[in-house]
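Undergrad:
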Amino acid sequence: MTRTATGDRPQLEAHLRERRSQKRKLLVPFVTAGVSADWLDLVVALVEAGADAIEIGLPFSDPMLEGVTIQQASQRALERGMTTTRALHAIAELELDVPLIAMTYSNLIKRHGYEDFCRRLSESGVSGLIPVDTPLDEAGPLIKAARTNHIETVLVAAPSTPDDRLKQIAEVGSGFVYASTVMGTTGERTSLGQQAADLAGRVRACTDRPVLLGFGISGPETAVEAARHADGVVMGAALMRRVLEGQTVDEVTGLARQVREALEAV
Amino acid sequence: MAEPTADGRFGAFGGCYVPEALIPACRTLEQEFRTAWADPAFRGELARTLKLYAGRPTPVTPATRLSAELGVNLLLKREDLAHTGSHKINNVLGQGLLARRMGRTRLLAETGAGQHGVATATVGALLGLDVTVFMGAKDVERQELNVFRMELLGATVVPVTTGGQTLADATSEAFRHWVGQSETAHYCIGSTMGPHPYPWMVREFQRVIGEEARGQCAELLPAGVPDVVVACVGGGSNAAGTFAGFVDTSAQLVGVEAAGGAAIGSGSPGILHGFDSYLLQDDDGQVLEAHSVSAGLDYPGVGPEHSHLADSGRARYVSATDDEVLHALRKLAQTEGILAALESCHALAWVLRAAGTSELPSGSTVLLTLSGRGDKDAAQVRELLK
Ligand SMILES: Cc1ncc(COP(=O)(O)O)c(C=O)c1O
Chain A
3 MTRTATGDRP QLEAHLRERR SQKRKLLVPF VTAGVSADWL DLVVALVEAG ADAIEIGLPF
63 SDPMLEGVTI QQASQRALER GMTTTRALHA IAELELDVPL IAMTYSNLIK RHGYEDFCRR
123 LSESGVSGLI PVDTPLDEAG PLIKAARTNH IETVLVAAPS TPDDRLKQIA EVGSGFVYAS
183 TVMGTTGERT SLGQQAADLA GRVRACTDRP VLLGFGISGP ETAVEAARHA DGVVMGAALM
243 RRVLEGQTVD EVTGLARQVR EALEAV
Chain B
3 MAEPTADGRF GAFGGCYVPE ALIPACRTLE QEFRTAWADP AFRGELARTL KLYAGRPTPV
63 TPATRLSAEL GVNLLLKRED LAHTGSHKIN NVLGQGLLAR RMGRTRLLAE TGAGQHGVAT
123 ATVGALLGLD VTVFMGAKDV ERQELNVFRM ELLGATVVPV TTGGQTLADA TSEAFRHWVG
183 QSETAHYCIG STMGPHPYPW MVREFQRVIG EEARGQCAEL LPAGVPDVVV ACVGGGSNAA
243 GTFAGFVDTS AQLVGVEAAG GAAIGSGSPG ILHGFDSYLL QDDDGQVLEA HSVSAGLDYP
303 GVGPEHSHLA DSGRARYVSA TDDEVLHALR KLAQTEGILA ALESCHALAW VLRAAGTSEL
363 PSGSTVLLTL SGRGDKDAAQ VRELLK
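Listed in order, the protein sequences are those of chains A and B. Take the first sequence: its position 190, counting from 1, is numbered 192 in the working numbering, and each next residue is one higher. Take the second sequence: its position 336, counting from 1, is numbered 338 in the working numbering, and each next residue is one higher.
1) Roughly how many angstroms separate the alpha carbons of glutamine 254 of chain B and alanine 335 of chain B, rounded to a whole number?
2) Run through DSSP, which three-state label would glutamate 190 of chain A get?
3) Counting only the same chain and skipping the five closest in sequence on each side, list residues whose C-beta sits under 6 Å from that of histidine 293 of chain B.
4) Does the distance from the CB of proline 201 of chain B to the CB of alanine 242 of chain B come in under 9 Å?
5) Out of A/Thr155, A/Gln170, A/Gly189 and A/Leu42, which one is the CA nearest neighbour of leucine 90 of chain A?
6) Answer yes or no: the CB of lysine 388 of chain B versus the heavy atoms of ligand 2, is any distance below 8 Å?
7) Take the Cβ of glycine 339 of chain B as the centre, count every other Cβ of all protein chains shown within 10 Å, and call the residue buried at 16 or more, exposed below.
8) What is the rounded straight-line gap between the Cα of arginine 205 of chain B and the Cα of glutamate 50 of chain A?
9) By how many angstroms is the C-alpha of isoleucine 25 of chain B removed from the C-alpha of threonine 163 of chain A?
10) Say whether chain B places a C-beta atom closer than 9 Å to the C-beta of leucine 246 of chain A.
11) Select from B/Gln208, B/Pro363, B/Ser321 and B/Ala38 the residue whose C-alpha is nearest the C-alpha of histidine 348 of chain B.
12) Taking Cβ-Cβ distances below 7 Å as the criterion, which residues of the region 119–142 of chain A are in contact with chain B?
13) For the alpha helix (DSSP H) that contains histidine 310 of chain B, what are its first and last residues?
14) Just reading off the alpha helix (DSSP H) that arginine 188 of chain B is part of, what are its end residues?
15) Does DSSP put glutamate 247 of chain A in a helix, a strand or coil?
16) Kindly indicate which three-state DSSP category aspartate 64 of chain A falls into: helix, strand or coil?
17) Just to make sure I have the definition right: I need the residues of chain B whose C-beta is within less than 8 Å of the C-beta of lysine 112 of chain A. Which are they?
18) Inspect the beta-carbon positions of threonine 188 of chain A and threonine 71 of chain A and report whether they are closer than 9 Å.
19) With a threshold of 8 Å, establish whether the CB of glutamate 345 of chain B neighbours any heavy atom of ligand 1.
20) Flag glycine 203 of chain A as yes if its beta-carbon sits less than 9 Å from any beta-carbon of chain B, otherwise no.
21) How about proline 31 of chain A: is its C-beta nearer than 9 Å to some C-beta of chain B?
22) Please determine whether the Cβ atom of glycine 212 of chain B lies at a distance below 8 Å from any heavy atom of ligand 1.
23) Apart from the five residues on each side of it in sequence, which residues of its chain come closer than 8 Å, Cβ to Cβ, to leucine 393 of chain B?
24) Tell me isoleucine 132 of chain A's beta-bridge partners as DSSP assigns them.
25) Please determine whether the Cβ atom of lysine 90 of chain B lies at a distance below 8 Å from any heavy atom of ligand 1.
26) Please report how far the alpha carbon of aspartate 200 of chain A lies from the alpha carbon of cysteine 208 of chain A, in whole angstroms.
27) If we require 4 or more residues per run, which alpha helix (DSSP H) segments fall completely within the region 213–272 of chain B?
28) Identify the contact partners of glycine 17 of chain B in chain A, using a Cβ-Cβ distance below 9 Å as the criterion.
29) Using CA atoms only, rank isn't needed, just tell me which of A/Gly142, A/Phe178, A/Phe119 and A/Tyr180 is closest to asparagine 151 of chain A.
30) So within the region 31–84 of chain A, which uninterrupted beta strand (DSSP E) runs reach at least 3 residues, ignoring any that extend past its ends?
31) Going by the DSSP bridge assignment, what does glutamine 260 of chain A pair with across the sheet?
32) Closest Cβ-Cβ distance between serine 162 of chain A and chain B: below 9 Å?
33) Along the region 19–34 of chain B, what residues have a CB closer than 7 Å to any CB found in chain A?
34) Could you have a look at aspartate 325 of chain B and say whether DSSP puts it in helix, strand or coil?
35) Which same chain residues end up closer than 8 Å to valine 142 of chain B when comparing Cβ atoms and leaving out the 5 residues on each side of it in sequence?
36) Asparagine 92 of chain B and phenylalanine 207 of chain B - do their beta-carbons sit closer together than 9 Å?
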């Protein structure tokens, strides 16, 4: 099924707000498109395990913000022949009741053209876009193209972001505010620092958009710690490491299930 | 060459495409550089250090025998005679003094051939700053001697094992580390690339090449200004510094890329390492690996100001093949007694090819920036000439 811009594609922010209003902490797992032969099965299984949205990483050759795990996942996906076009064709076949968010780097978006890229996301049933190396100041033309195509552009906030800028990020971006737990790259961590709590608090003080903490969410403990301060979490490297190690879809999904359960108690 | 726009653009190119976490660091750097560059005390200290430590001004040498053979009047701006053996020291002294002024205690750097790494290790030792250099694992192997030099100078060299394991990967890795340490470490980028303000700042620190050469040409040439100014282009720092001294003259500006890394010659606009510029990439936007005998030009992108100079027509960009470069290296060695870096030999290769043609008619005067000395390449050249 190929969905259209006005089709049954769930709106990202509306969906997250609705789930949040049910007093539910949000879980957004991340999957690198093409990381394994059965990556699409993994996406479906993660939704069944209780994901509230899925972040799909469109692999880029030079991922400047990724730690070792997601670098390797991207490299593996590219070696397996994944491209933006293939990933979007594959995604378009999925029938999910949660929104999909594409995460990628500016060069892929620019190469396809802002307008074209966003239109193709939309036609593939994607609801949101996280352009990780396009900061607020450079995001104008992209956000405009995204809006025309009903794509919500999620911007990242970092511990180093001053308050006045946080406010702009929350206003100009949509979907949710992606708050990075650390000054650093993606990757698993054993605990989250005070920085994460502080940032989530500062973001919440300036917006009522959903706030998700990401980077370093490795399992139930870090997820619970993060969810105490935010509306939910994004979990990536912990899942991708398991895929790279050769775990089955079931085994990988097991971690998401544990996190989901742990979040019920927050 | 003028200041970029407030958002760091030279025409359509440049900008600041970095993860949000690095935005404050880039902003602070821009302000600090702007203030320092307007401060006579900072300028004075830099000028003094360039003179007493790095050995500036470097001479302009008429290449007499080679000129006679080619039928053009060739002048060489001798950056090979600067301390550490290349122009890289000009930029690193500037950034090192700035980092110290900003209270930073560490320098991070990427390096390909190791010239920028050695320059950074050198300045770190001079100023008492810790230095970590990221270098592709392949380059660590190819440039063993430079790795040892950096370590002797007290720097830590980190081999990068991701991707193609060369300069582009080392640069990505340096950025990753900078994200986590931007409050204590200054990322000392080695060329006119990276997010704003780097391309502008590095060009300003390299401007000394062009300004000296302008004065030296005025003394050596009856016309005062050469007909053609030529330099090799990797990220583009020695070329940008050279062009800055001549952009307001009638001189034709020529940049020479490596044929296997010709971002302007065979790339298309794209975004990598924080800036928008010509880039070698496939249809999907995946970055392609560059391939050149010279590790210093083995980079898939080019500084944004060069993309602008190319599009606006003020400078022209050509390329030279590995074979032409090796030939040029021998030619210069045997006619002038100068063993030049493989990078610099790209500029010379174009002069050898163009001399006597409509591109460079007989009787033309040419200023060529000899960006570095060739000692580092001796072992590799021996292998290649076997
Ligand atoms: C001697 C020499 N020339 C030129 C370059 C290329 O750099 P750029 O284009 O920034 O001058 C290098 C880089 O390593 C170098 O070592």
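Backbone N, C-alpha and C fix where the C-beta goes; we use that ideal spot for every residue, glycine too.
TA: With the structure as the only source:
1) The residue given as residue 254 of chain B occupies position 252 in the second sequence. The residue given as residue 335 of chain B occupies position 333 in the second sequence. Answer to the nearest angstrom: the Cα atoms are 26 Å apart.
2) For this step, residue 190 of chain A is matched to residue 188 along the first sequence. Correct three-state label for glutamate 190 of chain A: coil.
3) If you number the second sequence from 1, residue 293 of chain B lands on position 291. Gly262, listed in sequence order.
4) Numbered from its first residue, the second sequence carries residue 201 of chain B at position 199. Numbered from its first residue, the second sequence carries residue 242 of chain B at position 240. In this structure, alanine 242 of chain B lies closer than 9 Å to proline 201 of chain B by Cβ.
5) Here residue 90 of chain A refers to the residue found at position 88 of the first sequence. Checked all of A/Thr155, A/Gln170, A/Gly189 and A/Leu42; the closest Cα to leucine 90 of chain A is A/Leu42.
6) In the structure shown, ligand 2 is absent; the only ligands present are ligand 1.
7) Taking the first residue of the second sequence as position 1, residue 339 of chain B is located at position 337. The residue in question, glycine 339 of chain B, is exposed, as its Cβ has fewer than 16 Cβ neighbours within 10 Å.
8) Counting from one through the second sequence, the residue named residue 205 of chain B turns up at place 203. Counting from one through the first sequence, the residue named residue 50 of chain A turns up at place 48. Roughly 54 Å between the two C-alpha positions.
9) By one-based count along the first sequence, residue 163 of chain A stands at place 161. By one-based count along the second sequence, residue 25 of chain B stands at place 23. Distance between the alpha carbons of threonine 163 of chain A and isoleucine 25 of chain B: 8 Å.
10) In the first sequence, residue 246 of chain A corresponds to position 244, counting from 1. Not one chain B Cβ lies under 9 Å of leucine 246 of chain A.
11) Here the question's residue 348 of chain B lines up with position 346 in the second sequence. Looking at the Cα atoms, B/Ser321 is the closest of the given residues.
12) Val134, Asp135, Thr136, Pro137, Asp139 and Glu140
13) The count along the second sequence starts at 1 and reaches residue 310 of chain B at position 308. Where histidine 310 of chain B is concerned, the enclosing alpha helix (DSSP H) stretches over 306–314.
14) Here residue 188 of chain B corresponds to residue number 186 of the second sequence, with the count starting at 1. The identity of residue 188 of chain B in the sequence shown is histidine, whereas the question assumes arginine. Not the alpha helix (DSSP H): histidine 188 of chain B falls in the beta strand (DSSP E), residues 187–189.
15) Reading the first sequence from its first residue, position 245 is the one you call residue 247 of chain A. Glutamate 247 of chain A: coil per DSSP, three-state reduction.
16) As a first step, residue 64 of chain A is located in the first sequence; it is residue number 62 there, counting from the start. Aspartate 64 of chain A: coil per DSSP, three-state reduction.
17) If you number the first sequence from 1, residue 112 of chain A lands on position 110. The contacting residues are Pro271, Gly272, Ile273, Asp278 and Gly287.
18) Along the first sequence, read from residue 1 onward, the residue named residue 188 of chain A stands at position 186. Along the first sequence, read from residue 1 onward, the residue named residue 71 of chain A stands at position 69. The Cβ-Cβ distance between threonine 188 of chain A and threonine 71 of chain A falls below 9 Å.
19) Against the second sequence, residue 345 of chain B aligns to sequence position 343. At least one heavy atom of ligand 1 is nearer than 8 Å to the Cβ of glutamate 345 of chain B, so yes.
20) Position 201 of the first sequence, counted from the start, is the residue given in the question as residue 203 of chain A. It does not; no Cβ of chain B falls within 9 Å.
21) Within the first sequence, residue 31 of chain A is the residue found at index 29, counting from 1. Proline 31 of chain A does not count as touching chain B.
22) Reading the second sequence from its first residue, position 210 is the one you call residue 212 of chain B. No, ligand 1 has no heavy atom inside 8 Å of this Cβ.
23) The requested residue 393 of chain B is not part of the displayed model; chain B covers only 3 to 388.
24) Counted from its first residue, the first sequence places residue 132 of chain A at position 130. DSSP, once it has assigned bridges, lists A/Met105 as partnering isoleucine 132 of chain A.
25) Counted from its first residue, the second sequence places residue 90 of chain B at position 88. Checking the Cβ of lysine 90 of chain B against ligand 1 gives yes.
26) Translated into the one-based positions of the first sequence, residue 200 of chain A becomes position 198. Translated into the one-based positions of the first sequence, residue 208 of chain A becomes position 206. Straight through space, the alpha carbons of cysteine 208 of chain A and aspartate 200 of chain A are spaced by roughly 13 Å.
27) 239–246 and 265–268
28) Position 15 of the second sequence, counted from the start, is the residue given in the question as residue 17 of chain B. By Cβ distance, chain A contributes Asp139 and Glu140.
29) Taking the first sequence and counting its residues from 1, the one referred to as residue 151 of chain A is at position 149. Here the closest residue by C-alpha is A/Phe119.
30) Those beta strand (DSSP E) runs which fall completely within the region 31–84 of chain A and span 3+ residues are 56–59.
31) Counting from one through the first sequence, the residue named residue 260 of chain A turns up at place 258. Paired residue(s): none; glutamine 260 of chain A is not in a bridge.
32) Indexing the first sequence from 1 puts residue 162 of chain A at position 160. So yes, serine 162 of chain A belongs to the interface.
33) Tyr19, Val20, Pro21, Glu22, Ala23, Ile25 and Pro26
34) Position 323 of the second sequence, counting from 1, holds the residue named residue 325 of chain B. It is helical.
35) Position 140 of the second sequence, counting from 1, holds the residue named residue 142 of chain B. Result list for valine 142 of chain B: Val149, Val159 and Pro161, in chain order.
36) Residue 207 of chain B sits at position 205 when you count from the first residue of the second sequence. Residue 92 of chain B sits at position 90 when you count from the first residue of the second sequence. Yes, these two residues count as a Cβ contact at 9 Å.
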